Structures are given as C-alpha cells and as structure tokens.
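Note sheet for the following structure.
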Amino acid sequence: MSVPGVKVVILQPMYLPWVGFFEQIKLCDIFVHFDDVQLPQGRHFTNRVQIKTPRGQQWMTVPLVRSSRGLIKDVQMDESSDWRNLHLRTFSQYLAKTPFWAEAIGLLEQIYSFKSDKLSDFNINAIETIASYLRLERVFLKSSDLNVGGSSSSKLLNIVKSVKGQTYITGHGAKNYLDHRLFEEAGVEVEYLDYNILPYQQLYGEFTPYVSVIDLIANNDVDSMNFLKSRTIQWEDFIRG
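My numbering applies: residue 1 is where the sequence shown begins, and numbers increase by one.
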C-alpha cells in the first residue's frame, strides 16, 4: 500500500548539474540516485556540464578510464590528469566577478576534495552537498541499494513502490518512453515538471538556465531557491500540451 503524499524523483547522478535538477529535488520527498543502469552512450551529462564564459557556453568534462563502461555505479574517473584543479580554476576564473564568488568556490573546494575515483560516488556526494547548502533536506537513496528488478518503466515503478511512494515526478524527456498506464494501474500518479526558473543577474550576456547550478549559487548564494518556482502537472495534462 502506498503512503499518501510521498513524492519520488529518480535521476541518474549528473556532474554539477543544472538548476532544473535541483528543482526536482525541491519538489520531492524521496530522491533516488539512479546508479544501477548503463552509462548512457554518446552525449550525456553524467560526466560533463556547461558553464558561461565571455566566449559563450563551454563544456567541462570529467575524464573517464577508457575501459570504464557498464553500470554508472562502476564507472571510474581518470585521476591521472589534474582535472579537479583544472575545473576548480576554470570556475574560479569565470565566476570571479560574481557577488558570491568566495562562497561558491568554497563549496567547490569541498566537493573536489571528496576522495573517490568512482564517478557515481563523486557526483552523488556533490549533489547532496549542494542540496544541503541550498537547505534542501530530503531523503536521498541509491537505486543500487534498493535491489529492485525490471527494466525501463517497470524498474522505475518498482523503485517508487519499494520506497512506498504515491507520486513519481519526472522531467520532460520521459514523455517519449514512460509507460504511464503501467504506473496508473499500480496506483502511482505520474507528474511532470512544469519549469519556471526565474532569470537572475548573470555574467556574460543573455540569461540561460542551462549551466551548472554553481552559477546560480555564485550569483545568489543561499537566496538561490527564490528563483526556482517550478511546479508539477499531471501526466495527461502534460501530454496534451
């Protein structure tokens, strides 16, 4: 039996993700790091993120051990390069004129000092560290610790049921693959994000939300959550557009 009111979000652990990722954390009760699925092929956000620079948006990528494939939880970062200090210096350079540069860099120094060569562990620690800084106190779990089976929609549903959730909150991409009726038949509601991220003062031209959340923190510090006003809508309403 599902517990009324428990809202669940399930997302792959991303590298210093955009503000929309933290919108989902804000709107849920239980957040599950989806770490026991295959590392996506091609372009993805598991080990890279964009930042703003005077020359436009720039990608920063965490190097991976070439043979490190398979489940996200098993992927290893390539620590033979000094990528942590390089990324920290890059953030420091391009955020230097933001009002809360010192606070943002202090947070990043804490994140980059985390001792692990596993990409998933690093990302999960970073996400939870940032969430705590933003005062988003939620229940955080890893799907690999829940020991549930299934694939695609059935696995997501089984995760929600295993934590006794009533509502599954998801982003827009799920529209193309999620079996909504499967959730409905199990008595689990599906809600989509209706994004409403307010523009904030940002360096280097026109505002964009599609950069690391660190940009939001460097410009607004603990007031950052005031700019995240998204809500959720029922899946039928979302599909109808």
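Cβ atoms here follow ideal geometry from the backbone N, Cα and C, with glycine treated the same way. Only a predicted model underlies this, so the values are computations on that prediction, with no experimental measurement involved.
Rounded to whole angstroms, the gap between the alpha carbons of K142 and I25 is 14 Å.
Around the CB of W59, fewer than 16 other CB atoms lie within 10 Å, so the residue is classed as exposed.
Sequence-distant Cβ neighbours of I233 in its own chain, meaning closer than 7 Å and more than five residues away, are E191, Y192, D194. For W235, same chain residues with a beta-carbon under 7 Å away, outside a window of 5 residues either side, are H180, V190, E191, Y192 in chain order. The shortest CA-to-CA distance from F140 to any of M14, C28, P17 is the one to C28.
Taken atom to atom, the span from the alpha-carbon of T170 to that of F122 is near 23 Å. Using a C-beta cut-off of 8 Å, the segment 28 to 47 makes contact with the segment 141 to 161, since at least three inter-stretch Cβ pairs fall below that distance. Segment contact: the segment 147 to 161 against the segment 201 to 208, fewer than three CB-CB distances shorter than 8 Å; contact not assigned. Cβ atoms of L146 and F183 stay farther apart than 8 Å, at about 17 Å.
In this structure, V49 lies away from L216, with their beta-carbon atoms at least 8 Å apart. P54 and T90 have their C-alpha atoms some 12 Å from each other. Less than 8 Å divides the Cβ of F100 from the Cβ of N220.
Partner residues in the beta bridge of V9, as assigned by DSSP, are F31, I169.
Per the DSSP secondary-structure output, G56 pairs in a beta bridge with T53. With a minimum length of 4 residues, the unbroken runs of alpha helix (DSSP H) contained wholly in the segment 107 to 155 fall at 119 to 133, 143 to 146.
Counted as a single uninterrupted DSSP element, the beta strand (DSSP E) harbouring V190 occupies residues 189 to 194.
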